[in-house]
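Letter by letter, the sequence shown follows residues -17 to -1, 1 to 241 of mature numbering (1 follows the signal peptide of the UniProt record, and there is no 0).
Worksheet: the structure to be examined is printed underneath.
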Amino acid sequence: MLVTTFVLFFFTPGFLAHAFYNPASGDDWTRYKPKATSLKGSFDSLSFNFGIVINPFELDDSGSYNTPELEPIVPKITTVVKTQTVVTVALPTKTADVYQIQDGQVQRIPESKDDQDDEDDDCLEDQSFARRDVNSGSDDDADFEDDDCGSDEELIHAVSCVGSTTLLMTLENGVLKDLQDRIGSIVGSRQFQFDGPVPQYGTIYAAGWLVTRRGQLSLGNSTLFYQCSSGDFYNLYDSPIGPQCSPVSLTVVKLIKC
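Structure (structure tokens):
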């Protein structure tokens, strides 16, 4: 009994102190980020506002999830007219299908049961994702090497018209924020949401966000997230929380006023 008591006393306080964020501690919340090495060529800051589009993994006949085959984009000219100003964009338009409700939660409302549209691979070839084992739920990330594709503007191959409920984000030094200056975080339930002015109690990750050369949002060295159904919509998580979850990646799209 004496040994058991000593072990619990020695390990538990240290584990709790470093496992999640406590606002009352006055600790630097930007320290709460994955310790894994960033994917090669990733950006920790972007010079423009952006949204995200869900890219679901595909379930095969054996019940296993496979990385979706992304179709190369054939750019086309999209013309936007606003107050007599014509802007010609050599990018296809996409729908930013991720929204934000008032309390900062990130949600996706599916268009249909077969909402499995392929999203964009901005390097156009050698499509691959940094991913965890989606069948076992393991946290071990596969090795990933990214291509050198240019500036942060060149990683975007789609634009979307921004709407009143569209989740619009900024990325600076690995910190993700929404228009209300709330911080993109993975909270204790593993859900992806925005809180502010500082992350909420129990937050696991509040920094370490990146965008890969292929235009995928990543957390540390992983581009793998999960959409988990909750009634008529999905919430986003960094880990599966039950059988209602399926793996996805998050494609970055540049948002413009239309």
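Glycine included, each C-beta is placed from N, C-alpha and C at the ideal position.
Given a cut-off of 9 Å on the beta-carbon distance, is the pair residue i and residue j in contact?
i, j, result
"Gly179", "Asn5", "no"
"Pro17", "Ser205", "yes"
"Thr234", "Ala141", "yes"
"Asp10", "Asn156", "no"
"Ser229", "Leu200", "no"
"Thr153", "Ser25", "no"
"Ile224", "Arg173", "yes"
"Phe31", "Lys237", "yes"
"Leu193", "Leu207", "no"
"Leu151", "Gly34", "yes"
"Ala2", "Ile239", "no"
"Cys211", "Gln227", "yes"
"Ala190", "Val170", "no"
"residue 298", "Phe177", "Any question about residue 298 goes unanswered here, given that the chain covers just -17 to 241."
With respect to the beta strand (DSSP E) encompassing residue i, which residues constitute its N-terminal and C-terminal limits?
i, result
"Asn38", "Phe33 to Pro39"
"Cys228", "Cys228 to Ile239"
The alpha helix (DSSP H) spanning residue i covers which residue range?
i, result
"Ala2", "Leu(-16) to Ala2"
For chain C, check one thing: does any of its Cβ atoms lie closer than 9 Å to the Cβ of residue i?
i, result
"Lys18", "No chain C appears in the structure shown, which is made up of a single protein chain."
Does the ligand SAM have even one heavy atom less than 8 Å from the beta-carbon of residue i?
i, result
"Val194", "This structure does not include the ligand SAM; it has no bound ligands of any sort."
- Message: I want to know whether the region 146 to 154 touches the region 13 to 21 - three or more CB-CB distances under 8 Å.
- Response: No, they do not touch.
- Query: Quick check: the region 208 to 227 against the region 42 to 50, are there 3 or more CB pairs under 8 Å?
  - Reply: no
- Only counting runs of 3 or more residues, tell me where the beta strand (DSSP E) segments fall wholly within the region 143 to 225, in order along the chain. List check, beta strand (DSSP E) in window: 152 to 155, 158 to 161, 166 to 169, 175 to 178, 192 to 194, 200 to 202, 208 to 213 and 216 to 220.
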